Amino acid sequence: ADRASVRIQELLEYPYICREEGSGTREVISEYMGQEGINDAQVNLTMELGSPESIKGAVEAGMGISIISRATVLKELQLGTLVALPLEPALERPFSFVHQKQKFRHRAMDELLEFARAYCKSHPDAV
């Protein structure tokens, strides 16, 4: 992992571990692969798992590679049990902050929203 990034085409030879069918994460990654000219038949799919924790465990056990949110693996990166390389071109996934619709918003809610906006701007690699 002495590289700065990796192209998705370079990963096709490795056993691939992904989320289960119907997962939003899987759909985003499948769409990304399609944009890069890769179809499902080209992927060496070895395992479909139902949670990021199970995927991380399988990768740590040497059962394959995966594409997973960097924020999901921060602890493992710090511990040195996993290595992460950004994809080139970058894979981005839009997220929304949702909250209960209220007639009158509380000051605490406004402060939380402002904190979330500031955090996302100052930590783009973590979200």
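Here the numbering used here is used: the first residue of the sequence shown is 1026, the next is one more, and so on. For glycine and all other residues, C-beta sits at the position ideal for the given N, C-alpha and C. All of these numbers come straight from a predicted model, not from anything done at the bench.
- Query: Helix or strand or just coil, what does DSSP make of L1110?
  - Reply: Indexing the sequence shown from 1 puts residue 1110 at position 85. In the structure shown, L1110 sits in coil (DSSP, three-state: anything other than H, G, I, E or B).
- Task: Identify, in the order they occur along the chain, each residue of the same chain with its Cβ nearer than 6 Å to the Cβ of N1069, setting aside the five sequence neighbours on each side.
- Result: By 1-based counting over the sequence shown, the position of residue 1069 is 44. Within the same chain, N1069 has close Cβ partners P1040, Y1041.
- V1031, DSSP secondary structure in three states: The residue given as residue 1031 occupies position 6 in the sequence shown. DSSP places V1031 in strand when its eight states are reduced to three.
- Task: Output the distance between the C-alpha atoms of E1038 and I1063, rounded to the nearest integer angstrom.
- Result: As a first step, residue 1038 must be located in the sequence shown, where it is residue number 13. As a first step, residue 1063 must be located in the sequence shown, where it is residue number 38. Here the alpha carbon of E1038 sits roughly 13 Å from the alpha carbon of I1063.
- Give me the Cα-Cα distance between R1118 and V1053, rounded to the nearest whole angstrom. Here residue 1118 corresponds to residue number 93 of the sequence shown, with the count starting at 1. Here residue 1053 corresponds to residue number 28 of the sequence shown, with the count starting at 1. Taking the straight line joining both Cα atoms gives about 7 Å.
- Message: Give me, in chain order, the residues of the same chain whose beta-carbon lies closer than 7 Å to that of T1097; leave out the 5 immediate sequence neighbours on both sides.
- Response: Within the sequence shown, residue 1097 is the residue found at index 72, counting from 1. In its chain, beyond the 5 residues on either side, P1077 have a beta carbon closer than 7 Å to the beta carbon of T1097.
- For R1142, count neighbouring Cβ atoms within 10 angstroms of its own Cβ and tell me buried if that reaches 16, exposed if not. Position 117 of the sequence shown, counted from the start, is the residue given in the question as residue 1142. Its Cβ having fewer than 16 others within 10 Å, R1142 is exposed.
- Cβ-Cβ separation, F1120 to L1138 (assumed contact under 8 Å), whole Å: Position 113 of the sequence shown, counted from the first residue, corresponds to residue 1138. Position 95 of the sequence shown, counted from the first residue, corresponds to residue 1120. Actually they do not touch by this definition, with Cβ atoms about 14 Å apart.
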